[in-house]
Amino acid sequence: MAEEAQISFGGKTYDFPVVEGTENELAIDIKALRSATGLITLDPGFKNTGSCESAITFLDGEKGILRYRGYPIEELAEKADFLEVAYLLIFGELPNTQELEKFHSDIKAESHVDEEMKKILDGFPKSAHPMGVLSSLTSALIAFNPSSVDVTSEADLYHAIVRLLAKFPVLVSWTLRKKMGLPLDYGDDSLGYVQNIHKMMFKRPNREYEINDTVIEALDKLLILHGDHEQNCSTSTVRIVGSSHAGLFASISAGISALWGPLHGGANMAVLQMLEAIQADDGDTKKYMAKAKDKNDPFRLMGFGHRVYKNFDPRARIIKKAADEVLAQLGVDDPILNIAKGLEKEALEDPYFVERKLYPNVDFYSGIIYRALGIPVDMFTVMFALGRLPGWIAQYREMRLKNEPIGRPRQVYVGENKRSFVPLNKR
Ligand code: ACO
């Protein structure tokens with residue numbers, strides 16, 4: 001196997017080292033390219049650019065493989081809970097019982113959010129998009145937790161991490177409750193991490209909260225499946241903001257903004273909006289299947305296909321099972337869900353979709369579960385953020401502890417050449 005790659009330019013050949021990852025991925029190390037040759041690389045969207053070496057998540061889109069710290073996503077979703085997976089992603093190993101208990105009790109010790117934060121939430125109109133509210137509140141947390149963090153200190157970083165894992169679910173639940181007109185509340189330390197999140201979100205002031213194990217299990221799985229996905233748009237944002245030595249909360253707030261976009265975390269909302277549009281159009285799935293296949297129509301079947309996974313999305317398989325269980329257990333009879341099932345069946349049997357290997361992705365089923373759980377459509381991306389939080393934290397921590405240099409891409413300038421200033425009265 002090549003250990004060096006050659007680049008020939010201007011009549012000269014230059015050698016560059018080839019780096020090999022633990023799963024045999026190869027990369028040319030071009031750190032010395034500009035100083036040796038005067039060239040830079042041009043790669044809009046960074047589709048061929050490795051921004052870092054990372055030991056957190058491995059994915060192979062062709063083979064449908066997703067592993068956190070070496071553990072297959074299927075096993076984690078089946079056997080672990082979200083807090084264990086969060087610990088694994090952030091610290092690199094599965095926790096033993098004592099480590100997990102300490103982690104959870106350290107989180108619980110930080111689960112109070114300053115009451116003054118409610119005034120900030122109050123300032124938002126009810127119609128505000130929850131992702132904007134969440135990003136702002138996460139940023140505002142800095143003002144209420146100002147003690148400076150030496151981000152090269154593992155102890156300081158640990159403290160910031162447990163604080164964020166404690167307070168973020170409170171902010172998520174407040175964002176939802178404000179939308180639904182419910183009183184803002186705190187959690188219940190006697191519950192598991194995910195149970196507590198569910199209770200904070202859905203407890204009614206006039207009703208006893210009842211735990212439904214199937215619902216909690218499905219929510220737990222959804223959060224695990226969204227835990228990390230290597231150097232995607234929001235994760236790269238978190239790392240690049242953190243590379244300027246901005247704190248953890250500020251970097252995560254930026255990641256939330258990146259996730260907001262419809263090309264990233266916003267796709268799960270798009271699925272439900274599409275299903276609602278089909279329902280309003282007499283539930284005519286055949287018409288929308290035809291639109292999706294018509295090359296003159298920009299419409300695409302939302303929740304089908306994936307940029308990286310070209311055979312199947314391993315997360316979709318897991319979540320489909322959970323969706324079926326939740327719908328059966330809750331006895332949900334929702335016309336929108338029937339449209340989703342009809343569409344799924346038609347697409348999986350249609351040669352257009354079969355030939356192009358277009359399968360339902362994780363967003364197709366996650367939207368269905370969120371809807372069955374009574375979560376408003378524009379909160380879907382917030383749920384994604386809740387699941388992605390440990391991944392963002394793990395990536396930030398890895399980047400900071402390695403003391404990676406500040407992220408600062410270059411460009412190829414294509415603007416005007418030097419010209420002389422023309423005074424205003426002469427233009
Ligand atoms: N509906 C109809 N046709 C589709 C769809 C779809 N959802 N997705 C892809 N195709 C077709 C394309 O038109 C193309 O057809 P052609 O070969 O005849 O030209 C072929 O399938 C290949 O598609 P590409 O555009 O090359 O796939 P790409 O990798 O660029 O796009 C993407 C992937 C953006 C996810 C696309 O499948 C899509 O738009 N899906 C719907 C949106 C969606 O669900 N996004 C969420 C992704 S999951 C996530 O982000 C967590």
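Okay, so the sequence shown: first residue is 1 according to full-length UniProt numbering, each after it adds one.
Cβ atoms here follow ideal geometry from the backbone N, Cα and C, with glycine treated the same way.
What you are looking at is a predicted structure, and each value in this text was computed from that prediction instead of being measured.
**Item:** Alpha-carbon to alpha-carbon, Ile-142 and Ala-27
**Value:** Indexing the sequence shown from 1 puts residue 27 at position 27. Indexing the sequence shown from 1 puts residue 142 at position 142. Roughly 38 Å separates the two Cα atoms.
**Asked** Which of helix, strand or coil does DSSP assign to Glu-99?
**Response** Indexing the sequence shown from 1 puts residue 99 at position 99. It is helical.
**Message:** I'd like the span of the beta strand (DSSP E) that includes Ile-28, first residue to last.
**Reply:** Translated into positions along the sequence shown, residue 28 becomes position 28. 26–28 is the extent of the beta strand (DSSP E) around Ile-28.
**Straight-line gap, Asn-48 to Gln-411 (C-alpha atoms, nearest Å)** = The residue given as residue 48 occupies position 48 in the sequence shown. The residue given as residue 411 occupies position 411 in the sequence shown. About 16 Å.
**Prompt:** Measuring from the CB of residue 452, is there a heavy atom of the ligand ACO at a distance below 6 Å?
**Reply:** For residue 452 there is no data in the structure shown, the boundaries of the chain being 1 and 427.
**Asked** Quick check: the stretch 168–175 against the stretch 382–390, are there 3 or more CB pairs under 8 Å?
**Response** yes
**Item:** For Ile-161 and Ile-393, believed in contact at Cβ under 8 Å, the rounded distance
**Value:** Looking up residue 393 in the sequence shown gives position 393. Looking up residue 161 in the sequence shown gives position 161. Their Cβ separation, rounded to whole angstroms, is 5 Å, which keeps Ile-393 and Ile-161 in contact under 8 Å.
**Message:** the ligand ACO and Met-302: does the residue's C-beta get closer than 6 Å to at least one heavy atom of that ligand?
**Reply:** Taking the sequence shown and counting its residues from 1, the one referred to as residue 302 is at position 302. Yes.
**Asked** With DSSP run on the structure shown, which of helix, strand or coil describes Ala-246?
**Response** Taking the first residue of the sequence shown as 1, we reach residue 246 at position 246. Three-state result, Ala-246: coil.
**Asked** Roughly how many whole angstroms lie between the Cα atoms of Val-35 and Thr-235?
**Response** As a position in the sequence shown, residue 35 is number 35, starting the count at 1. As a position in the sequence shown, residue 235 is number 235, starting the count at 1. It should be noted that the sequence gives Ser, not Val, for residue 35. For Ser-35 and Thr-235, the distance between alpha carbons rounds to 29 Å.
**Whole-angstrom distance between Ser-135 and Lys-126, CA atom to CA atom** = Residue numbering aside, residue 126 sits at position 126 when the sequence shown is read from its first letter. Residue numbering aside, residue 135 sits at position 135 when the sequence shown is read from its first letter. The straight-line gap from Cα to Cα measures roughly 16 Å.
**Asked** When the distance is taken between beta carbons, is Ile-368 closer than 7 Å to Ala-316?
**Response** Locating residue 316 in the sequence shown gives position 316, counting from the first residue. Locating residue 368 in the sequence shown gives position 368, counting from the first residue. Result no, Cβ atoms of Ala-316 and Ile-368 do not sit closer than 7 Å.
**Message:** Does Thr-22 pass the burial test, meaning 16 or more other C-beta atoms within 10 Å, or should it be called exposed?
**Reply:** Here residue 22 refers to the residue found at position 22 of the sequence shown. Exposed, since its Cβ has fewer than 16 Cβ neighbours within 10 Å.
**Item:** Spatial distance of Lys-310 from Val-362 (CA atoms)
**Value:** As a first step, residue 310 is located in the sequence shown; it is residue number 310 there, counting from the start. As a first step, residue 362 is located in the sequence shown; it is residue number 362 there, counting from the start. So the two alpha carbons sit approximately 13 Å from each other.
**Request:** Report buried or exposed for Phe-9, applying the criterion of at least 16 other Cβ atoms within 10 angstroms of its Cβ.
**Result:** Reading the sequence shown from its first residue, position 9 is the one you call residue 9. Phe-9 should be labelled exposed.
**Prompt:** Among Arg-427, Glu-416 and Leu-386, which has the Cα closest to the Cα of Pro-169?
**Reply:** In the sequence shown, counting from the first residue as 1, residue 169 sits at position 169. The shortest C-alpha separation from Pro-169 is found at Leu-386.
**Prompt:** Taking 6 Å as the line, does the beta carbon of Ala-347 fall inside it for any heavy atom of the ligand ACO?
**Reply:** By 1-based counting over the sequence shown, the position of residue 347 is 347. No; taking the cut-off as 6 Å, the Cβ of Ala-347 has no heavy atom of the ligand ACO nearer than that.
**Request:** Return the Cβ separation of Phe-203 and Ala-166 in integer angstroms, given the expectation that the two are a contact with Cβ distance under 8 Å.
**Result:** Along the sequence shown, read from residue 1 onward, the residue named residue 203 stands at position 203. Along the sequence shown, read from residue 1 onward, the residue named residue 166 stands at position 166. The residue you asked about is not Phe; residue 203 is Lys in the sequence shown. In fact, because the Cβ distance is near 18 Å, the residues do not count as touching under 8 Å.
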